[in-house]
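Peer 1: The structure that follows is given in the form of structure tokens.
Residue numbers (my numbering), protein chains in the order written: chain A, 104 to 526; chain B, 104 to 526; chain C, 104 to 526; chain D, 104 to 526.
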């Protein structure tokens with residue numbers, strides 16, 4: 104593929120400087136080979152709805168050259184994956200991205216080396232021609248007819264995911280209430296449980312059901328699956344194929360997310376992640392742009408907890424981005440997000456675990472912090488770049504995207520007013 | 104007008120029960136006449152953008168029979184005002200509600216007994232045909248050409264407001280940044296100040312400039328006018344015609360809004376209010392639906408502070424609703440909001456001020472609380488209803504709206520897919 | 104007892120005015136008798152540690168006449184109960200309030216009509232002579248010797264509770280960490296579980312174990328039992344005698360506490376409450392002083408959920424105050440708190456449940472709010488006063504406490520520098 | 104001094120490894136000399152109250168060997184300064200650290216190379232023998248006699264500061280209210296202003312008055328100087344010698360502190376900093392332990408804003424730590440804090456300012472982030488160590504403190520139950 108050659112040619116110019124930095128770093132570390140191997144294997148799913156410009160209720164300011172259909176979205180993820188070699192799968196959102204010709208879509212994805220990760224249902228919007236409205240919720244609705252309609256939609260999404268060899272259904276419900284009294288919390292929970300049980304029963308044997316939680320927005324008084332406790336309660340009642348999905352932005356102010364991650368792993372109920380960053384709410388900002396240390400702390404729990412349960416980092420849970428690109432080029436934004444994730448992962452792999460365990464056992468808090476921050480303050484960028492290089496990706500993905508004029512090319516082809524489906 | 108007669112006829116059926124409740128209450132209070140007089144005079148402006156169904160970035164679920172143009176919006180406010188006699192003015196949003204025929208619009212409003220309150224500019228969205236984009240802000244923009252365009256828009260809004268006998272321009276800027284580094288805070292502030300100075304210079308002699316603040320959304324890292332301190336700084340630099348507008352939902356978690364209100368009054372810089380309620384952020388919920396005690400405390404500061412400066416409650420500052428009606432009928436929602444405001448106002452008027460002052464001077468905290476809560480726990484609904492009755496409004500406005508089948512009538516006339524402009 | 108006679112004599116002066124108010128209210132309501140019966144039965148436990156002046160890490164400003172020992176604390180609760188007839192039990196904190204002579208203590212309590220509610224253990228402070236420190240936690244400690252010591256203390260508290268006919272052990276752990284890395288979250292959780300299992304095994308057959316949660320303070324990075332999800336996870340693993348205790352101040356900003364309450368009731372795992380109010384964190388302010396509507400909403404869930412499970416309101420769960428009286432007389436503060444609880448309870452009892460259920464089923468959000476607020480805006484003070492009157496309590500407890508000069512009398516007897524044990 | 108020699112001897116063992124890291128880094132950077140010069144000059148004041156173990160209202164767990172008087176506190180700061188060469192001044196808290204023999208104290212400090220930074224008054228606690236209580240506040244008190252007493256105390260603190268050649272009075276008021284209605288906000292503000300005016304009038308010509316703000320704790324409803332807006336309002340009314348002090352922990356959840364810093368610098372009203380870190384409130388944790396990126400962003404604003412006004416980084420504003428050491432050795436904690444500050448400062452100095460300005464002007468948000476994070480992700484520890492080395496400090500201060508057994512030595516001398524004054 105031509106793009107790969109262009110990338111190699113760019114890499115060559117930067118190679119000497121990179122080698123110098125990488126060799127210095129490798130000389131400081133004892134686990135370079137192991138970290139490199141893990142980084143090379145690590146992949147983050149790209150959501151199909153994040154390839155266009157996002158917005159807020161106040162407006163949206165599109166860029167240009169956005170993908171107009173699923174094929175073009177696959178091409179965008181393909182470009183991203185060619186650049187960073189870590190975006191090797193896509194997470195589709197139904198009905199925004201229904202594959203009309205499944206075989207053709209599989210072939211296109213395959214050509215870019217992409218597979219299909221979890222499929223996502225959508226019962227937070229009404230679709231044209233839909234008989235019943237989700238204005239007052241879907242799986243929790245007081246009217247069983249609406250619940251049935253929403254259950255059917257989810258089962259349909261599973262069927263479409265099967266055709267693409269997906270292995271999980273990811274459910275985010277906006278169901279909730281805007282005002283005190285609007286809802287009976289208990290009945291809403293029980294309706295949700297019953298609806299999920301029907302969906303669960305329709306899961307293929309090797310599939311999982313991922314249950315996302317979120318405290319507020321678009322409902323501003325209560326959300327029916329509002330926190331990890333509620334999601335876990337549902338997952339436990341559903342059975343072994345159900346687990347809790349953590350979206351980093353879906354927490355109340357000051358929540359200790361890393362503790363939640365640790366406990367969900369302990370319970371064997373961590374489905375995976377929707378990565379993003381935020382300062383106020385579900386801001387859907389670039390991963391690592393607001394609080395990169397928190398991201399690192401989350402990865403510390405992941406590495407420790409997965410190792411303790413002998414889980415494979417790359418495949419045991421779902422890694423996904425869920426961000427909204429309001430003022431950045433979506434592909435550049437995604438490249439920055441994946442880079443931030445890999446940096447945090449690399450740093451977490453560098454934590455001196457045996458020493459930390461000793462310091463914890465001795466309640467030597469000062470030493471615990473020194474150990475964590477020694478890993479965090481290490482400049483691991485050469486390590487991440489080297490992993491990419493060995494996979495034939497770009498040493499500098501954002502730089503390559505720009506130097507190669509990829510967005511201009513897309514805009515020329517698709518038009519400056521091409522707008523993607525999604526939020 | 105026919106509606107008024109229908110209202111009177113409904114009132115008659117409820118009159119005996121109301122009289123009983125009102126007379127009991129009047130017998131308990133010493134200041135009934137004064138409170139009634141103030142309640143009858145008190146008016147809250149209705150925003151033209153709040154007459155349709157609101158939504159979030161995730162979707163909008165319209166009802167039906169929404170007003171399709173400014174005339175129909177005036178009619179909706181007219182109905183509301185006929186019902187509660189407290190919504191006697193409208194606040195227009197330009198360019199959503201540009202009056203094409205000013206004289207006709209004035210006549211229509213006049214027929215319903217309505218006047219035009221502050222006009223609102225909009226530089227948070229791009230309008231079709233607009234030469235330069237507000238994607239990266241307006242009055243704070245790094246490019247002076249964008250700033251000029253935004254200044255011109257604001258001056259144009261003033262001109263349109265003049266034609267309608269408005270007396271204030273209300274400016275809410277979404278200007279801000281989504282990411283650290285995106286913006287130089289100082290230059291953004293100074294650009295904003297310079298832009299506002301140009302707008303200020305264009306104000307008619309008897310006009311005011313109201314500067315709203317908001318900490319986040321649609322920008323999720325920083326907002327250029329982010330809190331009352333920043334708004335006040337600008338207002339002080341601009342001059343005596345500039346003041347700070349408080350939107351109740353525009354605060355960080357746990358902010359003590361009533362203290363801000365007290366201090367702005369002290370400084371002579373409280374422009375007025377955008378009323379709504381919220382639990383998490385700028386949720387734009389019905390006034391008084393989440394934390395009615397906070398609303399009461401705000402009114403306590405208003406009454407005390409305005410009396411101390413001998414300001415006229417009804418006219419010295421701007422009273423306005425700014426809410427989004429996502430799951431309620433907009434007119435019903437506005438009726439509930441105005442009712443909540445008047446209840447809080449009435450309760451605040453009942454506070455035994457001399458006794459409170461003594462208790463405060465003695466640091467008798469228990470007594471201070473007893474005095475405030477004695478007023479708050481008083482059921483003032485008969486008082487508010489009586490004030491409405493004496494102005495020929497409905498004893499039970501929401502009930503009347505329903506009994507009279509007003510929405511059905513509007514839907515029949517406008518169509519079940521009529522959607523209003525606005526958020 | 105002389106106090107009761109003094110109270111009756113005060114009541115007589117206020118009786119006519121009270122009768123007038125009560126009769127008006129009774130005329131407006133359909134369920135007066137039922138509400139009165141429930142209010143008369145409802146009792147709130149008073150914590151032994153809340154009878155002295157509280158403070159913060161910055162200081163404490165004691166009043167005078169504080170109870171110096173358990174006998175005097177019992178007398179204080181006795182006075183409170185004589186005044187409001189709703190504080191008929193005490194919750195002891197060990198080791199602050201170890202009864203030296205159990206029989207004498209039981210007799211003193213009995214003389215005031217008091218019983219002993221849940222006993223509380225304390226492993227968040229080191230006691231003189233204690234072999235091992237709780238600096239780094241207790242039940243979660245990395246050192247099993249510390250865990251054993253803490254388990255033994257809890258079992259000892261159970262034994263002391265048994266002697267007083269308490270029926271529950273209430274456990275609040277400050278265990279947590281101040282810094283990332285200090286703690287392994289999973290091991291901390293598992294250590295806590297094992298420790299609790301040992302305590303659980305020592306529970307008498309008719310006892311319960313109440314597990315409190317709190318997100319922060321005194322640890323400022325993570326708390327080992329940090330939210331309701333963690334407490335419920337522990338309670339479920341422990342067994343049917345374990346349940347979750349909700350302290351209103353122990354939540355992150357904007358938490359929807361009423362939803363948690365509803366779900367815990369649904370799961371049969373709501374142990375009870377520590378009532379207080381707060382604006383920022385665990386502020387431990389007077390119940391109902393900051394957000395009385397939230398308190399009402401919580402009681403709405405309690406009434407609905409308990410009725411649905413046919414639980415007896417007065418006895419099925421634990422009702423307790425946990426507040427800190429920094430600037431108010433502790434007894435007056437407690438009287439205000441109990442009053443706020445009973446007002447919220449009475450209002451919740453007035454909610455028109457059948458109508459609400461219909462409105463919910465119809466997604467008539469406007470009507471749902473009208474129904475809730477109709478109950479909330481009702482001035483139920485005469486109802487609460489009448490319930491007290493029928494139990495021979497004071498019509499105006501705070502007023503009676505002052506008019507009778509009770510604090511002066513206590514100060515004269517105990518000294519103006521008497522300081523109570525506690526926070 | 105012997106300690107310096109021991110430090111040099113430790114350094115020698117680590118020198119080769121350090122040189123290797125430093126030379127690699129210097130080879131990557133273009134501004135090494137400039138950054139080194141600035142780091143060498145940069146000093147952070149150590150508060151006298153932070154040398155003992157801190158605590159919360161729930162308890163305090165002292166270590167041992169804490170300084171028992173001002174002389175011993177000076178010795179502790181001297182040790183710290185010898186180790187990191189960046190703690191060359193002390194900030195005293197009166198009356199906890201009144202120097203009995205001023206000349207002796209100055210000589211002791213001088214021997215360690217220390218000077219005295221801002222002095223701090225204390226009107227949030229009552230001192231033995233104090234005629235009037237601060238239970239209900241000090242400078243804002245309703246009783247002018249209490250205000251006078253507090254003013255006199257502040258003037259006395261200025262006098263003591265003068266004797267030590269301090270140049271600023273730092274005022275933090277806990278004045279506020281716990282309950283709605285307790286306080287008249289406006290009068291509290293005006294009383295505070297008048298009190299501060301009296302103190303301001305007593306300032307020597309070359310002194311400054313630093314006004315700290317804090318939203319809550321120890322008052323939990325409102326604080327009279329609650330945010331930067333209120334502090335700035337006071338500073339502006341007082342005059343050119345008054346300015347606003349920023350304590351990082353004194354903000355509501357999600358506050359954008361760096362924006363406040365930028366605007367205060369713009370207004371010429373940034374007095375300086377109390378550094379610490381926090382997750383929930385005024386947690387007083389080690390600087391950089393929770394959110395090091397936020398610390399970096401604050402330093403980015405400082406460097407940019409001070410350069411733009413041509414202010415000297417080291418001396419133009421006050422740099423101070425204000426933390427509470429609850430579970431760490433206080434000296435180790437302070438060493439970690441100073442290190443975190445210098446790392447953030449060094450990173451901020453590495454930001455490519457001209458490139459950032461271009462990217463900002465082009466609204467190239469992706470590039471802005473890349474530029475900031477390139478500086479942040481740089482491992483500047485060798486640079487900070489080199490600056491220390493050139494000042495004869497320890498390459499690894501915490502390591503040296505431990506290897507040299509300094510705490511053991513202090514404990515042997517002072518006793519294992521020595522407890523410092525302070526919080």
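Note that the Cβ used here is the ideal one computed from N, Cα and C, for glycine as well.
1. From residue 150 (chain C) to residue 223 (chain D), what does the alpha carbon distance come to, in whole angstroms?
2. Return the first residue and the last residue of the alpha helix (DSSP H) that residue 512 (chain C) is part of.
3. Among C:368, C:362, C:326 and C:327, which one has its Cα closest to the Cα of residue 346 (chain C)?
4. Using a beta-carbon distance below 8 Å, is residue 294 (chain B) in contact with chain D?
5. Can you give, in chain order, each stretch of the alpha helix (DSSP H) that sits fully within the stretch 350 to 377 of chain C and has at least 4 residues?
6. So residue 127 (chain C) contacts chain B; which residues on that side make the cut at Cβ distance below 7 Å?
7. Indicate whether at least one CB of chain C lies closer than 8 Å to the CB of residue 396 (chain B).
8. For the stretch 210 to 220 of chain D and the stretch 188 to 202 of chain D, state whether three or more C-beta atom pairs, one from each stretch, are separated by less than 8 Å.
9. Quick check: is the beta carbon of residue 361 (chain B) nearer than 8 Å to any beta carbon in chain C?
10. For residue 498 (chain D), which residues of its own chain have a beta-carbon under 8 Å away from its beta-carbon, when the five flanking residues on both sides are left out?
11. Name the chain B residues whose beta carbon is nearer than 7 Å to that of residue 392 (chain C)?
12. Can you tell me which of the three DSSP states residue 274 (chain A) falls into?
13. Touch check for the stretch 295 to 313 of chain A and the stretch 239 to 258 of chain A: three-plus C-beta pairs under 8 Å?
14. Suppose the cutoff is 6 Å on Cβ atoms and the five residues either side in sequence are ignored; what does the same chain contact list for residue 365 (chain A) look like?
15. Can you list, in chain order, the stretches of the alpha helix (DSSP H) that have 4 or more residues and sit fully within the stretch 450 to 491 of chain B?
16. Should residue 246 (chain B) be flagged as near chain A, meaning a C-beta pair shorter than 8 Å?
17. Per DSSP, what are the beta-bridge partners of residue 222 (chain C) in this structure?
18. With H, G and I counted as helix, E and B as strand and the rest as coil, what does DSSP make of residue 198 (chain B)?
19. In terms of DSSP beta bridges, what is residue 163 (chain C) paired with?
20. Which residues does DSSP pair with residue 280 (chain B) in a beta bridge?
21. Short of 7 Å Cβ to Cβ, which residues in the stretch 417 to 437 of chain C face chain D?
22. Leaving aside the five residues before and after residue 131 (chain D) along the sequence, list all residues of the same chain whose C-beta is less than 8 Å from its C-beta, in chain order.
23. Quick check on DSSP: helix, strand or coil for residue 496 (chain B)?
24. Would you mind telling me which residues of chain D sit closer than 9 Å to residue 536 (chain B), beta carbon to beta carbon, in chain order?
25. Quick check: what's the CA-CA separation for residue 181 (chain B) versus residue 244 (chain D)?
26. Could you give the C-beta distance for residue 242 (chain B) and residue 278 (chain B), rounded to a whole number, given that I count them as a contact under 8 Å?
27. Can you pull the DSSP bridge partners for residue 428 (chain A)?
Peer 2: Once the coordinates are examined:
1. Translated into positions along the third chain, residue 150 (chain C) becomes position 47. Translated into positions along the fourth chain, residue 223 (chain D) becomes position 120. So the two alpha carbons sit approximately 38 Å from each other.
2. By one-based count along the third chain, residue 512 (chain C) stands at place 409. Per DSSP, residue 512 (chain C) belongs to the alpha helix (DSSP H) from 509 to 517.
3. Within the third chain, residue 346 (chain C) is the residue found at index 243, counting from 1. Of the candidates C:368, C:362, C:326 and C:327, the one whose C-alpha sits nearest the C-alpha of residue 346 (chain C) is C:368.
4. To locate residue 294 (chain B), count along the second chain from 1; it is residue 191. Not closer than 8 Å to any Cβ of chain D, the Cβ of residue 294 (chain B) fails to qualify, so no.
5. For the stretch 350 to 377 of chain C, the full-length alpha helix (DSSP H) segments reaching 4 residues or more read 360 to 369 along the chain.
6. To locate residue 127 (chain C), count along the third chain from 1; it is residue 24. Result: 127.
7. If you number the second chain from 1, residue 396 (chain B) lands on position 293. Interface with chain C (8 Å Cβ-Cβ cutoff): residue 396 (chain B) is included.
8. yes
9. In the second chain, the residue the question calls residue 361 (chain B) occupies position 258. Not an interface residue.
10. For this step, residue 498 (chain D) is matched to residue 395 along the fourth chain. Closer than 8 Å at Cβ, skipping near neighbours: 113, 114, 117, 118, 121, 488, 491 and 492.
11. Numbered from its first residue, the third chain carries residue 392 (chain C) at position 289. Within chain B, the residues near residue 392 (chain C) are 472.
12. Within the first chain, the letter at position 171 stands for residue 274 (chain A). Note: residue 274 (chain A) maps to strand in three-state DSSP.
13. yes
14. Along the first chain, read from residue 1 onward, the residue named residue 365 (chain A) stands at position 262. Hits under 6 Å: 404 and 408.
15. 456 to 464 and 468 to 480
16. Sequence index remark: in the second chain, residue 246 (chain B) carries index 143 (1-based). No, residue 246 (chain B) lies away from the interface with chain A (no Cβ there is under 8 Å from its Cβ).
17. In the third chain, the residue the question calls residue 222 (chain C) occupies position 119. Residue 222 (chain C) pairs with C:272.
18. Walking along the second chain from the start, residue 198 (chain B) turns up at place 95. The answer is coil: DSSP assigns residue 198 (chain B) none of H, G, I, E or B.
19. Looking up residue 163 (chain C) in the third chain gives position 60. In the DSSP output, where bridge partners are listed per residue, residue 163 (chain C) has C:158.
20. Mapped onto the second chain, residue 280 (chain B) falls at position 177. Answer by DSSP bridge pairing, in chain order: B:325.
21. 429 and 430
22. Sequence index remark: in the fourth chain, residue 131 (chain D) carries index 28 (1-based). The residues are 481.
23. Taking the second chain and counting its residues from 1, the one referred to as residue 496 (chain B) is at position 393. Coil.
24. Chain B is shown only over 104 to 526; residue 536 (chain B) falls outside these bounds and no answer can be derived.
25. On the second chain, position 78 is the one that residue 181 (chain B) refers to. On the fourth chain, position 141 is the one that residue 244 (chain D) refers to. Computed Cα separation, rounded: 50 Å.
26. In the second chain, residue 242 (chain B) corresponds to position 139, counting from 1. In the second chain, residue 278 (chain B) corresponds to position 175, counting from 1. The pair is a contact, with the Cβ atoms about 6 Å apart (cut-off 8 Å).
27. The residue labelled residue 428 (chain A) in the question sits at position 325 within the first chain. Bridge partners of residue 428 (chain A): A:156.
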